[in-house]
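Numbering (the working numbering), first residue to last: 220 to 635. Structure, as structure tokens:
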Ligand code: HAM
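Spelled out as structure tokens, the structure:
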């Protein structure tokens, strides 16, 4: 038997039903905030991700699905969407047309991580990217949007961690000092932590190892002491706005995020209900990325969120039936054409859901199925009544039956 690939999931209607509902709310949420949907390809040239996410990140180093195309070009399934949005933005030279562009997206991303609860190899992200503004209100808008989305879905026990990374040079300088400070404790590090400290020292700050965390708490320098006055002012302005609009946050000096393109503000929303993979979403500023990928110097800020983690945190029950409004019961082979025509007429004229049995089941089992689908009405076609150009309509709520002329079916339902 051929099975799905580890870390991927088949989603059946009882789950996609919930997803449609979530997407409907998200689309509306984005619309009322002035963000328009962007859809970019699922695969891109590999270079896009190595140059943006960064050569020394876990994502690029070991998690990308990369292959060589027949013409020798290296292609990659997107591990995230920010790089693609920026590529599309640059390709269209949008800054020449609009001083600010606000996008959102919903779609699959791919990372070859070890699958576990809340961590998949094909997962789905929704997110926003605002390109054009370097002002702190842009950071605050994006952080508050992330917070309000989870509030909209009724999530409690959330915390927002926020930090600032300063500019690119700070990351370099601080990284070097952090490395120096921690190398004194070399023997406490395992091989992969040691390699991480060598290649991407900032990432050691979010090590899950308790011992390393203790060392960091006691001996690591604080990035806030390295950033410029301008960066500090920016950060203070962001938190000031968050305070005044009532978005709670914790300033976590150790939050650095796993992608290279960030500068200044970074943040994550954490849920208490998720276990080890507790980040519902993450994001931050990436003021250099557009220029680094060949565009103009355009500041930007965004976040992305895992759809599967949202669904886990919402604790949704996946027992949603596919319901219908009207179930047409037909037990006469000769009336198949009539019942299909009737179903189409009702759908077209009334825009309601009409279900037709295609198994030629007995009257009893079709009625049982209609019940399971929560049909409000059942139309029964049978050879006898059809001769008189009539059908029987059963109201499933009060079990009353009426005989209705075929020509009057539409007006019958219009009056309901
Ligand atoms: P990220 O933190 O790598 O950031 O991913 C964002 C969110 O995607 C995570 O918080 C998590 O909810 C979800 N996620 C990531 N990996 C997995 C996985 N393997 N399985 C399930 N869910 C996962 C980014 O992707 C950045 N592009 C965010 C951003 C947008 N920054 C600025 N703009």
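Virtual Cβ for every residue (Gly too), placed ideally from N, Cα, C.
Tell me the residue span of the alpha helix (DSSP H) that contains residue i.
| i | result |
| --- | --- |
| residue 415 | 410–418 |
| residue 376 | Neither: residue 376 is in no alpha helix (DSSP H) and is coded neither H nor E. |
| residue 435 | 429–438 |
| residue 632 | 628–633 |
| residue 401 | 387–402 |
| residue 458 | 448–463 |
| residue 473 | Element bounds for residue 473: n/a, residue is neither H nor E. |
| residue 587 | 582–591 |
| residue 364 | 355–371 |
Could you round the C-beta distance between residue i and residue j to whole angstroms and report it? I think they count as a contact, below 8 Å.
| i | j | result |
| --- | --- | --- |
| residue 397 | residue 483 | Not confirmed; about 18 Å, so no contact. |
| residue 431 | residue 442 | At roughly 17 Å, the Cβ-Cβ gap does not stay under 8 Å, so residue 431 and residue 442 are not in contact. |
| residue 329 | residue 298 | 6 Å |
| residue 203 | residue 546 | The first residue shown for the chain is 220 and the last is 635, placing residue 203 beyond what the model contains. |
| residue 304 | residue 257 | 6 Å |
| residue 250 | residue 321 | Actually they are not in contact, since the Cβ atoms of residue 250 and residue 321 sit about 11 Å apart, beyond 8 Å. |
| residue 532 | residue 493 | 6 Å |
| residue 284 | residue 333 | Rounded, the Cβ-Cβ distance is 15 Å, inconsistent with contact. |
| residue 605 | residue 237 | Not a contact, Cβ separation roughly 40 Å. |
| residue 582 | residue 548 | 6 Å |
| residue 413 | residue 405 | 7 Å |
Compute the Euclidean distance between the alpha carbons of residue i and residue j, then round it to the nearest angstrom.
| i | j | result |
| --- | --- | --- |
| residue 344 | residue 229 | 16 Å |
| residue 528 | residue 339 | 10 Å |
| residue 372 | residue 242 | 11 Å |
| residue 336 | residue 323 | 26 Å |
| residue 357 | residue 535 | 32 Å |
| residue 361 | residue 614 | 49 Å |
| residue 599 | residue 232 | 27 Å |
| residue 400 | residue 272 | 26 Å |
| residue 391 | residue 475 | 13 Å |
| residue 506 | residue 350 | 9 Å |
| residue 612 | residue 597 | 6 Å |
| residue 444 | residue 235 | 48 Å |
| residue 319 | residue 363 | 19 Å |
| residue 428 | residue 287 | 37 Å |
| residue 591 | residue 562 | 19 Å |
| residue 314 | residue 451 | 27 Å |
| residue 169 | residue 291 | Any question about residue 169 goes unanswered here, given that the chain covers just 220 to 635. |
| residue 266 | residue 520 | 22 Å |
| residue 247 | residue 367 | 13 Å |
| residue 571 | residue 629 | 11 Å |
| residue 695 | residue 567 | In this structure the chain extends from 220 to 635, so residue 695 is not present and cannot be described. |
| residue 544 | residue 222 | 36 Å |
| residue 325 | residue 346 | 7 Å |
| residue 626 | residue 589 | 23 Å |
| residue 496 | residue 377 | 14 Å |
Go to residue i, then tell me how far its beta strand (DSSP E) extends in each direction, as first and last residue.
| i | result |
| --- | --- |
| residue 323 | 320–329 |
| residue 487 | 482–490 |
| residue 574 | 573–575 |
| residue 610 | 609–614 |
| residue 621 | 620–624 |
| residue 550 | Element bounds for residue 550: n/a, residue is neither H nor E. |
| residue 599 | 596–600 |
How should residue i be labelled, buried or exposed, when 16 other C-beta atoms within 10 angstroms of its C-beta is the threshold for buried?
| i | result |
| --- | --- |
| residue 560 | exposed |
| residue 609 | buried |
| residue 268 | buried |
| residue 624 | exposed |
| residue 220 | exposed |
| residue 369 | buried |
| residue 436 | exposed |
| residue 542 | exposed |
| residue 453 | buried |
| residue 289 | exposed |
| residue 379 | buried |
| residue 375 | exposed |
| residue 558 | buried |
| residue 359 | buried |
| residue 585 | buried |
| residue 504 | buried |
| residue 381 | buried |
| residue 447 | exposed |
| residue 513 | exposed |
**Study point:** Continuous alpha helix (DSSP H) assignments of at least 4 residues falling wholly in the stretch 494–547
**Key:** DSSP assignment within the stretch 494–547 yields the following whole alpha helix (DSSP H) runs of 4 residues or more, N-terminal first: 508–511 and 526–533.
**Study point:** Length-filtered (4 minimum) alpha helix (DSSP H) runs lying within the stretch 271–349
**Key:** You should have 301–310.
Exercise for review: Write down every uninterrupted run of the beta strand (DSSP E) in the stretch 243–273 whose length is 3 residues or greater and which is fully enclosed by it, in chain order.
Suggested key: 262–264, all fully within the stretch 243–273.
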